[in-house]
Amino acid sequence: MQITCPSCRYRTEREVIEGEEISCPWCERRYKPLSVPGEALQPPVAVSSVLSEWAAQALPLPPKRKWTFSAIFSTAFVLFVLGVILIMPARSRWQEAQDKANSPPGLILTAQGQVLKVVFSPDGQRLVSGGGLYRPRKWVSGEIVVWDPSTGQSVLTFPGDAERVVDIDLSPDGKRLASAGPDGVKVWDTSTGQQLFRLRMPAHQEPWHVAFDPQGRRLATLSLTGRMAHGRGPMAIALWHTPPTVAEDRKAPLLSLPFEAGSSDKSGWKLPRLTFSPDGKHLACGQDNSVMIWEVSADGQGDAVPVRKIEGHSGPVRDQVFSPDGQRLATASEDETIRIWDTATGQEQLCFDSPREGFRGYRAIQCLAFSPDGRRLAGGKAQKLAIWDAATGEELYFLAWHTGTITSLAFSPDGKTLATGSTDQHIKLWNLAALELRTSAAQEQE
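The opening residue of the sequence shown carries number 338 in this note's numbering; numbering runs sequentially from there.
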C-alpha cells in the first residue's frame, strides 16, 4: 500500500501491519501509517514549520556558558578600571578642595599663564613673577608681572617674550630685572617695564637661566647651544658685564664655559640652574649627577677657575642653593634625596629623602630655597611644599594647596613669607608666622 509521511509528505509503497509504527527514511520521523488507503492521518503541515523542524534537528542547541576563573577575573578587572575612571577624578577634586580648605593662611595671586619663576625684591616691597600662556602644543605669550605682596595686587605687567619667560632675576638694588626666554636675555627697568638692553647671543643658543651676582655688576646666563639628544645636550654658561645704565646691546660675554649635561626632559625647571655664592666669588651649576663650582674674579676678567666638583647623587641635580652665609650648599636631585654640603671642603654634611606620599611613592624635589637666617630649607615637590630644619633634615611641614607643579619658590627678606609659583597659574604667599602659631596650637591640643 502507499503511505505518506505526515511531516515531510514523503510517499512510499510497502506492506504494513495495522497499528505498526514506522520511521520515515527522509526525515527519520516515526509515525503510524494510514489504515485505509488515501485517508489522511493529519492535516497538511506548513512548509515553514517543516523547515524549522529540520533546522532544529540539524543544528544542536549551544551549550550553556560556564563561568571560568579567567572570565570572572577579566570581568572584575574591567569593572575595576571603569570604577577608577569614574571615581578618581571625583576623588581628586574632593582632595583638592580639602587641601585648599586645610591650607595655612596666605594671599593668592592669579597670573594669566603658568608661573615659572618668582623672586622678591631686596626690600620685600615687591614680588616679580615670570611665565607664559600655554595653548595646545605651544606657548603663545610670555609675561612679567610686578606684584605688591602686601595686597596681592599687580602693580605692573608687561610682555617679556613672544612665547614664555622661563627665568628671571632681580639686581641687588631691585631696579633692574633680567629675563630669559626663546627671544633671548633682556634687562628691564622694574619701575616702568622699559627694556634697557638685551644680550647679543648666537641664534642657535636658547637661554634658560639668568642670575645677577650679589654686587649687580655681572649677569650669568645658562643656555642650550644645540639640540637635546637621548636626554643630553650641549650647554654653556656665560658671564656678562652689566653696568647700571647701558644704551647699547651687549655684544660678547666676559667669559664662556661650555659643557654637556643630561636632564629628564627639556623643561625650564628640570635643566641645571645657576647660583652665585653670597660673596659673588663662586658660581655653581648642576652637571649630570654632580655640581660644578667655579671661581669667578670680581672684575670678571680672565677664565673662570673650576674649584670643586661635588659628587654623591645618583640622579641629575635639579637645583642647588647656597646658604646665606655661603658655608653650605643644598642640592636636590632626581634620585629623590636632598643633600647639604660643606662648600669649603665639598664634604657631605646631611642627606635626607623627599617626603613619601600615596601609592606613587617618592617624587623628586623641583626647586629649593634657604630662609634668610639659614635655619629652614624649603622645597617644591610636585604640587606640595616641604619645609625642613636645615641643621637636622627634620621635616617640619608638608603642605598642599596648588593643583599644578610648583616651579619656583622664594623667601621674603624678613623670612615671614614664602612665595610659591606653579603651573596652575597661581602664586601663594604662605604666612609662615601664622603657620607656626597654628602648628603650636594643634600640638598643645594634643
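Where a beta carbon is used, it is the ideal one built from N, C-alpha and C, also for glycine. Just so we're clear, the structure is a prediction, and the values are computed from it rather than from any experiment.
Rounded to whole angstroms, the gap between the alpha carbons of LEU453 and ILE647 is 27 Å. Residues of the same chain with a CB within less than 6 Å of the CB of SER491, apart from the 5 flanking positions on each side, are VAL482 and TRP484 in chain order. DSSP, reduced to helix, strand and coil, places LEU772 within a helical segment of the structure shown.
Taking C-beta separations shorter than 6 Å and ignoring five residues to either side along the sequence, SER528 has no partners in its chain.
Cβ contact annotation for GLU543 (same chain, cutoff 7 Å, sequence separation greater than five): PRO519, SER560 and LEU561, in chain order.
For LYS718, the closest C-alpha among the options HIS546, GLY649, ALA706 and ALA701 is that of ALA701. In terms of Cβ geometry, LEU705 and VAL658 form a close pair [threshold 8 Å]. One thing to note: ARG665 has its Cβ no nearer than 8 Å to the Cβ of GLN684. Proximity to ALA540 across GLN762, ARG472, GLU673 and VAL522 peaks at VAL522, based on C-alpha coordinates.
For ALA517, the enclosing beta strand (DSSP E) begins and ends at 513-518. In terms of CA proximity to LYS475, GLY450 leads the group ARG463, GLY450 and LEU464.
With fewer than 16 neighbouring CB atoms inside 10 Å of its own CB, GLU365 falls in the exposed class.
DSSP places LEU591 in the coil class of the three-state scheme, outside both helix and strand.
Less than 8 Å separates the beta-carbon of ASP506 from that of VAL547. With a 10 Å radius around the Cβ and a threshold of 16 neighbouring Cβ atoms, ARG367 comes out exposed.
Restricting attention to HIS763, ILE677 and GLY497, the CA atom closest to the CA of TRP725 is found in ILE677.
Secondary structure note for LEU687: its beta strand (DSSP E) is the uninterrupted segment 685-690. Taking all protein chains shown into account, ALA669 has 16 or more neighbouring C-beta atoms within 10 Å of its C-beta and is therefore buried. Distance from the CA of CYS361 to the CA of GLU355, rounded to the nearest whole angstrom, comes to 17 Å.
If you draw a straight line from the Cα of THR742 to the Cα of GLU500, it comes to about 20 Å. Per DSSP, SER708 lies in no beta strand (DSSP E) segment and is marked neither H nor E.
GLU350 has GLN339 as its beta-bridge partners, per DSSP. Of all C-beta pairs linking the region 740-755 to the region 406-414, fewer than three are shorter than 8 Å, placing the two stretches out of contact.
Remark: C-beta atoms of PHE457 and SER749 approach each other more closely than 8 Å.
Under the DSSP assignment, MET565 falls outside any beta strand (DSSP E); it carries neither an H nor an E label. Ranked by Cα distance from PHE534, the options PRO551, GLY623, MET572 and HIS578 are led by HIS578. Here ARG564 is exposed. Its C-beta has fewer than 16 other C-beta atoms within 10 Å. Judged by DSSP secondary structure, TRP738 falls outside any beta strand (DSSP E); it is assigned neither H nor E. Per DSSP, reduced to three states, the secondary structure at ALA669 is strand. Relative to the Cα of SER691, the nearest Cα in the group PRO580, SER759 and GLU671 belongs to GLU671.
When rounded, the separation of the alpha-carbon atoms in PRO590 and PHE417 is 60 Å. Taking C-alpha positions only, ARG463 is separated from GLN531 by approximately 17 Å. Residue pairing by DSSP puts LYS718 in a beta bridge opposite LYS721.
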